[in-house]
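Q:
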Amino acid sequence: MSLGASKAVVQVLCRPVTQTGYSEHLVNSSDLTLHSTFQVKCVKKRPPRHRHSIRCSSMLLSQLRRTHQLRPMGVSLVNYMNYSGSWFQTCKCQQSESASGITAGDGNGAWSVNNIETSNSVNNLANAKSILEFQDVQQLKQEKALTSKIANGTIPDSFSIEEEAWDLLRESIVHYCGSPIGTIAAKDPTSSNVLNYDQVFIRDFIPSGIAFLLKGEHDIVRNFILYTLQLQSWEKTMDCHSPGQGLMPASFKVRTVPLDGDDSATEEVLDPDFGEAAIGRVAPVDSGLWWIILLRAYGKCSGDLSVQERIDVQTGIKMILRLCLADGFDMFPTLLVTDGSCMIDRRMGIHGHPLEIQALFYSALLCAREMLTPEDGSADLIRALNNRLVALSFHIREYYWIDMKKLNEIYRYKTEEYSYDAVNKFNIYPDQISPWLVEWMPNKGGYLIGNLQPAHMDFRFFSLGNLWSVVNSLATMEQSHAILDLIEAKWSDLVAEMPFKICYPALEGQEWQIITGSDPKNTPWSYHNAGSWPTLLWQLTVACIKMNRPHIAAKAVEIAERRISRDKWPEYYDTKRSRFIGKQSRLFQTWSIAGYLVAKLLLTDPSKANILITEEDSELVNALITANPRGKRGRKNLKQTYIV
Ligand code: GLC
4 MSLGASKAVV
14 QVLCRPVTQT
24 GYSEHLVNSS
34 DLTLHSTFQV
44 KCVKKRPPRH
54 RHSIRCSSML
64 LSQLRRTHQL
74 RPMGVSLVNY
84 MNYSGSWFQT
94 CKCQQSESAS
104 GITAGDGNGA
114 WSVNNIETSN
124 SVNNLANAKS
134 ILEFQDVQQL
144 KQEKALTSKI
154 ANGTIPDSFS
164 IEEEAWDLLR
174 ESIVHYCGSP
184 IGTIAAKDPT
194 SSNVLNYDQV
204 FIRDFIPSGI
214 AFLLKGEHDI
224 VRNFILYTLQ
234 LQSWEKTMDC
244 HSPGQGLMPA
254 SFKVRTVPLD
264 GDDSATEEVL
274 DPDFGEAAIG
284 RVAPVDSGLW
294 WIILLRAYGK
304 CSGDLSVQER
314 IDVQTGIKMI
324 LRLCLADGFD
334 MFPTLLVTDG
344 SCMIDRRMGI
354 HGHPLEIQAL
364 FYSALLCARE
374 MLTPEDGSAD
384 LIRALNNRLV
394 ALSFHIREYY
404 WIDMKKLNEI
414 YRYKTEEYSY
424 DAVNKFNIYP
434 DQISPWLVEW
444 MPNKGGYLIG
454 NLQPAHMDFR
464 FFSLGNLWSV
474 VNSLATMEQS
484 HAILDLIEAK
494 WSDLVAEMPF
504 KICYPALEGQ
514 EWQIITGSDP
524 KNTPWSYHNA
534 GSWPTLLWQL
544 TVACIKMNRP
554 HIAAKAVEIA
564 ERRISRDKWP
574 EYYDTKRSRF
584 IGKQSRLFQT
594 WSIAGYLVAK
604 LLLTDPSKAN
614 ILITEEDSEL
624 VNALITANPR
634 GKRGRKNLKQ
644 TYIV
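Each residue of the sequence shown is one higher than the one before, counting from 4 in the numbering used here.
Written out as structure tokens, the structure reads:
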């Protein structure tokens, strides 16, 4: 069969997506393969002269409109102080840094709230009082310095940055058949090599979508959800091989092409990339998981549950779940994936069971369980989903967790244990504990490691996986607090001059050569190799709000505001302390803009974070207690585990 011949094309005339949806009749939940071969097209008559005028007309217009200047200060200064005043009251920086450079050594992130606790715990009230007085003076000094910097324009005020961000976010909107359906990855006028940054990436759209939802603009998210669902059904092949049916694309592009057989008309076509064109040709495992998370957020925020209840949407959810829950050779409940299957989408030694994918997988399972409408045909799927939730949660909490105590246990591990009751189940050789980790692990705090394989623990700290495990309660309450403790304790490594390191530490020397394949884009402290990504601000904010510690996120946002707009919203920053705009970083990167906006919106109204948070489920906790395999190492007992 030729590759071309495998694609049946059905045209769908240009019209808005309706409540009932145009593909419903094509899909029924018992036959998941039916809606597998449709290409979405929108036909328009070509105007007689300007044949290409339809093409991206809205984007061209907005490009012309773009101004990168900051707005005048005035009123916005008052606004800034009003807003920031609320958390300045509770969060006082312990150190006497200047407002433009609150960067100190280890422990810089430890705000006075914690310091007060420490003082109280040693019952030295007099001492605590003088610390407070000292901090008050420092805070006043800081606020004064900040006010004058804002007033003289050295630092743009928060209000004008937000306004600029909204303008830029709106300019990044992509339309299809006249409706907004997504945002492009970057609109960098300084870069001649666009690569695929002119496409709508699924993962990149999530913060954009959340920002629009929080602003009450629901349509773009609804359209995005429904049109990407159409793409899930695409016939996808690479060199004659097709990946699983439920796969969502990494990105898509709206193309305007001449209509076959009609010279006077063009049509808009949605053209997805499932990884067959992506650098490295990796399937984006995270796309479908993010899609489910956004679908739930849409329902919770807009109150419109009709989208998640549609038959085609229900089928879409099930297709993603079936793909993820399919039996394989694996002994672990974690999802086995190739390198680069998520935000880090090129070789970085994260193949196997990377934390980020597990955290998103766990969220997707929880969100899907909430949204699936009960019907006879899905009982097996829901049973499998429940079993997986329990097993996954146990596995991550137990085997991925690391803190001083656990590290010391690993340090003393015996190896080569053959039996059902081995302590060192994965045969980890203690020599794997790298010297950096011995130094880096704080006394208070801990985190989930990046990956776990036989005889291999990837001890790097991966931010997204850790933050998202807090958001979705994959980490226990204690672990979640400990993750935030670690972030505070390691502020100068993880935040420094721009939040937030994608991972820590960087791979260097021979390790970099072997693990990245000498990737010149992933040199140490750059890009995925421990570069700093402003988009992570939004996940940090949701995690901090969930744990009732929003001041941590507020401080990170304040640090970002010092540079982000002036630096033109880079995709990422380089160097150990994130001092430089990334070597190959795009400017006007949409998810940097949207990530900042979501953080701001949520800090203003933290209750809205609920659309993203999933609280620990008591059913799951009970199941974990009864099914806990820790106390049942013998073979016989294991039979009962994981049944909810
Ligand atoms: C880079 C990032 C990826 C992102 C894409 C578009 O490839 O690694 O996570 O989705 O750019 O911004």
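C-beta atoms are modelled at their ideal positions from N, C-alpha and C, and glycine is treated no differently.
(1) Is the beta carbon of residue 296 sitting closer than 8 Å to the one on residue 370?
(2) Please classify residue 532: does DSSP put it in a helix, a strand, or coil?
(3) Using beta-carbon positions only, say whether residue 597 and residue 182 come within less than 8 Å of one another.
(4) Rounded to whole angstroms, what's the CA-CA distance from residue 402 to residue 179? Just pull it up for me.
(5) Over the uninterrupted alpha helix (DSSP H) stretch that includes residue 612, give me the two end residues.
(6) For residue 610, which of 432, 563, 439, 544 has the nearest alpha-carbon?
(7) Evaluate the contact criterion for the stretch 220-234 versus the stretch 622-629: three or more CB pairs, one atom per stretch, below 8 Å.
(8) If you measure from the CB of residue 200, is any heavy atom of the ligand GLC nearer than 7 Å?
(9) Which one or two residues does DSSP pair with residue 201 in a beta bridge?
(10) Do the stretch 483-492 and the stretch 368-388 make contact, defined as three or more Cβ pairs closer than 8 Å?
(11) Assuming residue 346 contacts residue 467 under a Cβ cut-off of 8 Å, what Cβ separation, rounded to an integer in Å, is found between them?
(12) On the DSSP letters alone, give me the boundaries of the beta strand (DSSP E) that residue 454 sits inside.
(13) Go ahead and pull the three-state DSSP assignment for residue 432.
(14) Got a sec? Which residues, its chain only, sit under 6 Å from residue 387 by beta carbon, not counting five neighbours each side?
(15) Would residue 332 be called buried (16 or more neighbouring beta carbons within 10 Å of its own) or exposed?
(16) Using the three-state DSSP reduction, which class does residue 444 fall into: helix, strand or coil?
(17) With DSSP as the reference, please indicate the residues paired to residue 179 in a beta bridge.
(18) Taking a contact to mean a Cβ-Cβ separation below 8 Å, would you say residue 366 touches residue 289 in this structure?
(19) Specify the secondary structure class of residue 239 as computed by DSSP and reduced to three states.
(20) Rounded to whole angstroms, how far is the Cβ of residue 655 from the Cβ of residue 511, which I believe are closer than 8 Å?
(21) What three-state label does DSSP hand residue 407 in the structure shown?
(22) So if DSSP puts residue 584 in a beta bridge, which residue, or which two residues, is it bridged to?
(23) Within a Cβ cutoff of 6 Å, which residues of the same chain sit near residue 629, ignoring the five residues on either side of it in sequence?
(24) For the putative contact between residue 161 and residue 564, defined by C-beta atoms under 8 Å, what is the C-beta separation to the nearest angstrom?
(25) With three or more C-beta pairs closer than 8 Å as the rule, is the stretch 308-320 touching the stretch 275-287?
(26) Does the distance between the C-beta of residue 531 and the nearest non-hydrogen atom of the ligand GLC fall short of 7 Å?
(27) Let me know the secondary structure DSSP gives residue 303 once reduced to three states.
(28) Please classify residue 480 as buried or exposed, where buried requires at least 16 other C-beta atoms within 10 Å of its C-beta.
(29) In angstroms, rounded to a whole number, what distance separates the CA positions of residue 455 and residue 399?
(30) Take residue 539 as the anchor and find which of 216, 579, 359 has the nearest alpha-carbon.
(31) Keeping to the same chain, check which residues put their C-beta closer than 6 Å to that of residue 643; ignore five residues upstream and five downstream.
(32) Which value, in whole angstroms, describes the spacing of the CA atoms of residue 310 and residue 232?
(33) Tell me which same chain residues have a C-beta within less than 7 Å of the C-beta of residue 407, skipping the five on either side of it?
(34) Sorry if obvious, but does the Cβ on residue 296 come closer than 7 Å to a heavy atom of the ligand GLC?
(35) Just how far apart, CA to CA, sit residue 225 and residue 558?
(36) Flag residue 501 as yes when its Cβ comes closer than 7 Å to any non-hydrogen atom of the ligand GLC, and as no otherwise.
A: Result, derived from the coordinates:
(1) Yes.
(2) In the structure shown, residue 532 sits in a strand (DSSP, three-state: E or B).
(3) no
(4) 46 Å
(5) Neither: residue 612 is in no alpha helix (DSSP H) and is coded neither H nor E.
(6) 544
(7) no
(8) yes
(9) BP columns for residue 201 are empty, so no partner.
(10) no
(11) Rounded to whole angstroms, the Cβ separation of residue 346 and residue 467 is 6 Å, and the two are in contact under 8 Å.
(12) Residues 449-456.
(13) Here residue 432 sits in coil by DSSP.
(14) 328
(15) exposed
(16) coil
(17) 182
(18) no
(19) coil
(20) Beyond the ends of the chain as shown, which are 4 and 647, falls residue 655; an answer cannot be given.
(21) helix
(22) 576
(23) none
(24) 6 Å
(25) No, the stretch 275-287 does not touch the stretch 308-320.
(26) yes
(27) helix
(28) Using a 10 angstroms sphere on the CB of residue 480, the tally of other CB atoms stays under 16, which defines it as exposed.
(29) 9 Å
(30) 359
(31) Residue placement at residue 643 is poorly supported in this model, since its pLDDT is 40, which falls under 50; the coordinates still yield a value, given next. There are no such residues.
(32) The alpha-carbon atoms of residue 310 and residue 232 are separated by roughly 11 Å.
(33) Here the set comprises 444, 446.
(34) no
(35) 33 Å
(36) no
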